[in-house]
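Protein chains in written order, with the numbering used here: chain A, 22 to 260; chain B, -6 to 297; chain C, 2 to 266.
Ideal placement from N, C-alpha and C gives every residue a C-beta, glycine not left out.
Remember, it's a predicted structure, so these values are computed and weren't measured experimentally.
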Amino acid sequence: MTQVLEIQGLTKGFSLHHLGTEIGAFEDISFNVAAGEFVLLKGANGAGKSTLLRTLYRSYLPLSGEIRFHSSHGLIDLACAADVDIAHLRRTEIGFVTQFLTARPRVSAEAIVAEPLRLAGWDSDAALNKARRALETFGVKPDLWAAYPTTFSGGEQQKVNLARALILPQKLLMLDEPTASLDVNARGALVARLQELKDQGTAMIGVFHHPDDVMHLIDRVVDLTPEHTEIEEREDVAL
Amino acid sequence: MSLSTLTKPWEAMSYGFLDGSAKRELRRKILKSVAVPGCQMPYASREVPMARGWGTGGLQVSLTLVNPQTRVKVIDQGADDSVNAASIRRFIARVAGTPTTMDTLEADLIQSRHRIPEEILREDQVLVLQVPNPEPLRSVQPNMSIARQMHADADYGRMWLQLYEQIVRSGRVMQGASYPSLVHGRHVMTPSPIPRWDVPKLHMAKHLTILSAGREKRIFAVPPYTRVEPLVFSDVPYKIEEHGALTCTRSGTKGFFMNEIPQDDGSSAFEVSDSEWGVKTIRANDREAETRGETWYKDGEMPQ
Amino acid sequence: MTLMLEAPRIVETRPLLDVKGVSKSYGHVQAVRNVSAHAHPGEVIGIVGESGSGKSTLLRMMNLEEIPDEGSYTLDLPDVSGNLFKLDRFARRMLCATKIGIVYQNPHLGLLMKHSSSGNVAERLLVAGERSFATLRQAATDALNASEFPLDRLDAPPIELSGGMQQRVQLAKAIALEPALLLLDEPTTGLDVSVQALVLDTLKRLQQDRQITMVIVSHDLGVIRTLADRVMVMRRGEVVETGLADQIFQDPQHPYTQQLVHAKL
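Here it is in structure tokens:
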């Protein structure tokens, strides 16, 4: 199996200088993720699930350890790669799906969704076409495509957000509770799209409040609860 | 050997009114300004028995250049007989003993305010223009120190912007007299308040033009055969005053720069601005003598 | 302590903008102390810090309005070479006119308030030697259109315009010659919040459509968060922290950055 990510001894904590304290998040985490593999992060509240995702995405700087990523440019350690390299990888190979859309005033839904394609060098018409198809898949009504999502309800915004986040096939995808505030149909579309990406070889690491939504996608579970970080092989899910 | 053999006898004043050192300075500054066409050279600008602003700059240049053989013509707005022209002409003749003339072709040195004669000037003639405001950048840059830097850098973007603004606001370039012009492809100068009609006469002219501002103490020059190009956009042609079709009511001459004379009934009559050209035309009409020389404009058009 | 970051390995282009070790003192006051900054083509660099931190001085250096006591500055562009701080006045002016655009917080610094808006934009092209009125007019219209300026006010003087519109004229002027580098000094400070959002949006669009490299200075973290890819935090003339924008805002390392970020939230 082709490895995409090899995490070795990863530790993250925060120093709060104004309080003079250190807060630990997680310590000495090690696991691998292969192409087309879906890893669920498990753990009690505060075990550091979201923190780990953000650390892998380098929104947080790790204290120690390695995050070896098999990029199309070769092996690179995300824990200490240069900022410009990270920015480049985020545009091309590493995606992050959150539950919030950062809508901007006067940017239409289809333009927001098309943006990652534009950044990846697609021409504007092709990007818009693909964006519209993605919006359709997630159940956003066509009369909303050209509207500004700033005025949308939370649920509709989230659909736009997912369409945008998942439009470009990535090598590695981080999912931070993307099913929150989604209706049943949209959830179905999300799972279908994730399955599609998985089949194309995208490695995924996810945090879900209700893992039942994505049950059949899960290959492995990593439990972040301290003294419990060993990997639990799932036998009920066929690989 | 005595003091009297070493010095000249006492005289009431120096030849040509200005003392030797003043004339020496002016000659040097004239040479400099010829060497760098269109570039303003500062000079001391002495007192002359005339108020600043009445042509003291031009007068100092004329007084410096004349000798007793120099035939001098002085015009004011094209006329030889206006009070100001007459007094300057008489003054030069009195302090320098020069012969005077009104005929452009006969003159060796022509001092002028606001006009260039209609007859083509020759290599052996010098035109001295009186300049009230020598700085073309003044309207766009009130700080003269910065304006000098702009000249040094050939930074004329603001001048062009001014033309752009005029076209945007009025549909055409509104600059009438003193049309800013690029000399020798390098310095932008104001050609003194001559009408737009006269600016093309400076381009590749055979004669030397010296422009002098007495109050502002600046002198600059257009040497013979030097490019003088009015600043114009490539797609908005330079326009001269529409005088080509007008006829002088006194002499009948046509196709030259005219003075407009308002009439009692509200209409206008026109008289040729170059008064001596009018006089010559009248003489020719009366078959007295044909003394008219070649003119820059032919049938109201400037041949390219 | 976090890990030391490596040199770039994937991004192999040379930085378009490279400022190295600049320092500048005014008398006894050290405005900027040994600051370095770089930006790769298409990157948006945000510089944050409170007033007096030296961020605006640094930006003025990048626009060659200010020459530091020491340090070097290069732009990786065709026909541009060597330390730009060493250029003479003439070369400096031509470089700034053709390769660098700037938008100031105070429109009076960047605009002729009584000239037409289109004329303000056209001036850039005039300096660069354009002499066709029709071309000037078209280029000014295009640039104003790109900065989402209402074209029925093309020839209105900036003095008659609102603050937001004045900033759009500045922006149009800055981008008229398609500069390689766009410098923004507090471009939305002093505008109403709603107008601010619109101007930011215009900037974001321009950045995406034209891939202009930008350096934006602001004490407003929201502005930086919206636009910047990478952020430099300055304090008392020194850079205390640099990082990816989301990292600076979500996981600030330096005590001063933490204070700055938490004060905002």
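7 Å Cβ shell around residue i - same chain, five flanking residues per side excluded
i	result
Val133 (chain B)	Arg151, Met152, Gln155
Lys21 (chain C)	Ser37, Gly72, Ser73
Ala238 (chain B)	Gly293
Asp106 (chain A)	Ile97
Ala288 (chain A)	Nothing about residue 288 (chain A) can be read from this structure; chain A reaches only from 22 to 260.
Ser71 (chain A)	Asp197, Val228
Met295 (chain B)	Pro193, Trp289
Ala19 (chain A)	Summary: the structure shown does not reach residue 19 (chain A), with chain A confined to residues 22 through 260, and so no result is reported for it.
Proximity below 8 Å, CB of residue i to CB of residue j
i	j	result
Val265 (chain B)	Cys241 (chain B)	yes
Val232 (chain C)	Leu172 (chain C)	no
Ala86 (chain B)	Val119 (chain B)	no
Gln227 (chain A)	Leu203 (chain A)	One point to set straight first is that residue 227 (chain A) is Gly, not Gln, in the sequence displayed. The answer is no: Cβ separation not under 8 Å.
Val234 (chain C)	Gly53 (chain C)	no
Leu102 (chain B)	Val121 (chain B)	yes
Tyr172 (chain B)	Pro223 (chain B)	yes
His107 (chain B)	Ile187 (chain B)	yes
Val128 (chain A)	Asp202 (chain C)	yes
Met195 (chain A)	Tyr78 (chain A)	yes
Val81 (chain C)	Lys100 (chain C)	yes
Gly50 (chain B)	Ala262 (chain B)	no
Leu182 (chain C)	Leu88 (chain C)	no
Ser227 (chain B)	Arg138 (chain C)	no
Alpha-carbon to alpha-carbon, residue j and residue i
i	j	result
Leu211 (chain A)	Phe159 (chain A)	7 Å
Val45 (chain C)	Val181 (chain B)	41 Å
Ser163 (chain B)	Asn146 (chain C)	23 Å
Ile113 (chain B)	Glu287 (chain B)	6 Å
Leu18 (chain C)	Ile28 (chain A)	35 Å
Leu215 (chain A)	Leu238 (chain A)	8 Å
Tyr149 (chain B)	Arg141 (chain B)	11 Å
Asp279 (chain B)	Val176 (chain B)	42 Å
Leu65 (chain C)	Leu162 (chain C)	29 Å
Ser261 (chain A)	Ala198 (chain C)	The question about residue 261 (chain A) has no answer, for chain A in this structure spans 22 to 260.
Arg165 (chain B)	Asp191 (chain B)	19 Å
Leu266 (chain C)	Phe134 (chain C)	At Leu266 (chain C), the pLDDT of 49 sits below 50, so the modelled position is not reliable; the number obtained from the coordinates is stated separately. One C-alpha to the other measures close to 51 Å.
Leu6 (chain C)	Asp234 (chain A)	38 Å
Lys33 (chain A)	Asp244 (chain A)	16 Å
Tyr36 (chain B)	Lys16 (chain B)	11 Å
Residue i: first and last residue of the uninterrupted alpha helix (DSSP H) it sits in
i	result
Asn278 (chain B)	268 to 278
Phe52 (chain A)	Looking at the DSSP string, Phe52 (chain A) is not in any alpha helix (DSSP H); the run it does join, the beta strand (DSSP E), is 42 to 55.
Tyr74 (chain C)	Premise fails: Tyr74 (chain C) lies in the beta strand (DSSP E), 71 to 76, not in any alpha helix (DSSP H).
Asn66 (chain A)	Careful: Asn66 (chain A) lies outside any alpha helix (DSSP H) and carries neither H nor E.
Ile225 (chain C)	222 to 228
Phe84 (chain B)	76 to 89
His236 (chain B)	Run containing His236 (chain B): none; DSSP gives neither H nor E here.
Continuous beta strand (DSSP E) stretch holding residue i: start and end
i	result
Gly255 (chain B)	Note that residue 255 (chain B) corresponds to Pro in the displayed sequence, not to Gly. Segment 251 to 255, the beta strand (DSSP E) holding Pro255 (chain B).
Tyr27 (chain C)	18 to 27
Arg236 (chain C)	231 to 236
Pro223 (chain B)	221 to 223
Gln33 (chain B)	Neither: Gln33 (chain B) is in no beta strand (DSSP E) and is coded neither H nor E.
Lys33 (chain A)	24 to 37
Glu242 (chain C)	239 to 245
Contacts around residue i, its chain only, beta-carbon distance under 6 Å, and the 5 residues preceding and following it disregarded
i	result
Asn35 (chain C)	Gly22, Ser24
Ala56 (chain A)	Thr23, Val25, Gly222, Ala224
Tyr257 (chain C)	Arg236, Val241
Phe35 (chain A)	Ile44
Ala259 (chain A)	Model confidence at Ala259 (chain A) stands at a pLDDT of 42, short of 50, so the residue's coordinates are unreliable; what they give is reported in the following sentence. So no residue of the chain qualifies.
Ala68 (chain A)	Leu245, Thr246
Residues near residue i by beta carbon distance below 8 Å, same chain, minus five either side
i	result
Thr142 (chain C)	Ser119, Leu152, Leu155
Tyr218 (chain B)	Met197, Ala198, Lys199
Gly30 (chain A)	Asp49, Ile50, Ser51, Ser85, Gly86, Glu87
Phe250 (chain B)	Gly71, Arg108, Glu111, Pro188, Trp190, Asp191, Glu234, His236, Val265, Ser266, Asp267
Val12 (chain C)	His41
Inter-residue CB distance, residue i and residue j (contact presumed, cutoff 8 Å)
i	j	result
Ala40 (chain C)	Pro79 (chain C)	That pair is no contact at about 17 Å.
Gly244 (chain C)	Gly55 (chain C)	Contact doesn't hold; Cβ gap of about 19 Å is too wide.
Gln53 (chain B)	Ser38 (chain B)	7 Å
Ile68 (chain B)	Ala78 (chain B)	5 Å
Ile270 (chain C)	Leu228 (chain C)	The structure shown has nothing for residue 270 (chain C), since chain C only spans 2 to 266.
Ile275 (chain B)	Val229 (chain B)	Contact flag wrong, Cβ pair sits at about 39 Å.
Gln106 (chain C)	Thr214 (chain C)	About 20 Å; that fails the 8 Å criterion.
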